[in-house]
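The structure appears below as structure tokens.
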DNA sequence: CCTCGTAACTACGGGCGTGCAACTTCGCGC
DNA sequence: GCGCGAAGTTGCACGCCCGTAGTTACGAGG
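Chains as they are written, first to last, in the numbering used here: chain D, 191 to 355; chain C, 191 to 355.
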């Protein structure tokens, strides 16, 4: 057992599944097919472990949201590719907008409305704030469900959220 | 040959493919799997023909748009199910909005903006006006490319459009 | 009746997972 | 230090969905 070290060393595979709401095989599949690899530590064989960063979680959750909305994995792939290069920006208030071929981050509600008004073709809109909120809620949920063994060293969910936006 | 009777007797299979921009196999598959059957005349065996109405074309084009935007066929299925029961309403100015589980027709730009503002979860937005426009343009295109043999009996694209919205 | 245009049937392939069993590694008690 | 069990990863076989290719069957019209 590795003590569920979710703060200092990221999140482990099975943990991530509960957090994001996907099956382990799915997470595995995504890692194997390069959709999203754990950025802290990739698996190196049977006995090793994957370690996902908080940002990975956000990306993962975005993918999951896309899937739930009926978007194909291939499209999600492109979206995440874009998102990964733009993580670190003001995210909580922004929305990720896909038009099928391109991706854009709409930083303000105004931007978003503009996009919608001129909208040619189909738009897929992902409100990142909501995604991050749900993720953090889930993290707290699972964290408090466990007798926090290291009450001092935390800073996972809440501070991570601050980091995001 | 049935003289391409696209007005009085609807549109034939291969015709439809060119009009909406999909392969015949795809159209065939969609018909077989009940995604969208021709409403004027379904095939009755090898020797017969399918006949699609203008409305079918609109629905088909919506599906195609959804697919191009990366939406899964299953989701498109639900969307079309909804749309078919609501065709006949003011369409050209409306947008079809999917949130993954439900579908809504946003009749005005205002409605749409509202939806986007409160948007929880991912939204897929299909501007029907654009879809209809493109479809009509394509119809005219293909119609004028042929030496209109019955210049008097037309009224397919333009009047059909009027019918739609 | 014969040909042409369509629809139908039978593989076949790729994408996206799922389930199971095997394997590797870790950490613990001894 | 060592065996052991738990946790996590991996390989492989399998299944479903979404088509595609090619071939065959069929009906309508000349």
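We put the beta carbon where it would ideally sit given N, CA and C, even for glycine.
- For residue 238/C, no chain D residue has a Cβ inside 7 angstroms of its Cβ, as the nearest lies near 34 angstroms away.
- According to the DSSP assignment, residue 266/C belongs to the alpha helix (DSSP H) that extends over 263 to 276.
- Contact holds between the segment 319 to 339 of chain D and the segment 275 to 287 of chain D, because three or more Cβ pairs, one in each stretch, are under 8 angstroms apart.
- Counting of Cβ neighbours within 10 angstroms places residue 278/C among the exposed residues, the total staying below 16.
- Under the Cβ distance rule, residue 316/C counts among the residues neighbouring chain D, one pair being separated by less than 7 angstroms.
- DSSP, read as helix, strand or coil, puts residue 282/D in coil.
- About 6 angstroms separates the CB atoms of residue 309/D and residue 315/C; that is less than 8 angstroms, so the two are in contact.
- At least one CB atom of chain D sits nearer than 7 angstroms to the CB of residue 261/C.
- Taking the Cβ atoms as the reference, residue 306/D lies roughly 15 angstroms from residue 290/D, outside the contact range of under 8 angstroms.
- Chain C has no Cβ within less than 7 angstroms of the Cβ of residue 282/D.
- Looking at 304/C, 248/C, 301/C and 270/C, the one whose alpha-carbon comes closest to that of residue 293/C is 270/C.
- Three or more Cβ pairs closer than 8 angstroms define a contact, and the segment 217 to 225 of chain C falls short of that threshold against the segment 256 to 276 of chain D.
- For residue 211/C, not one C-beta of chain D is nearer than 7 angstroms to its own C-beta.
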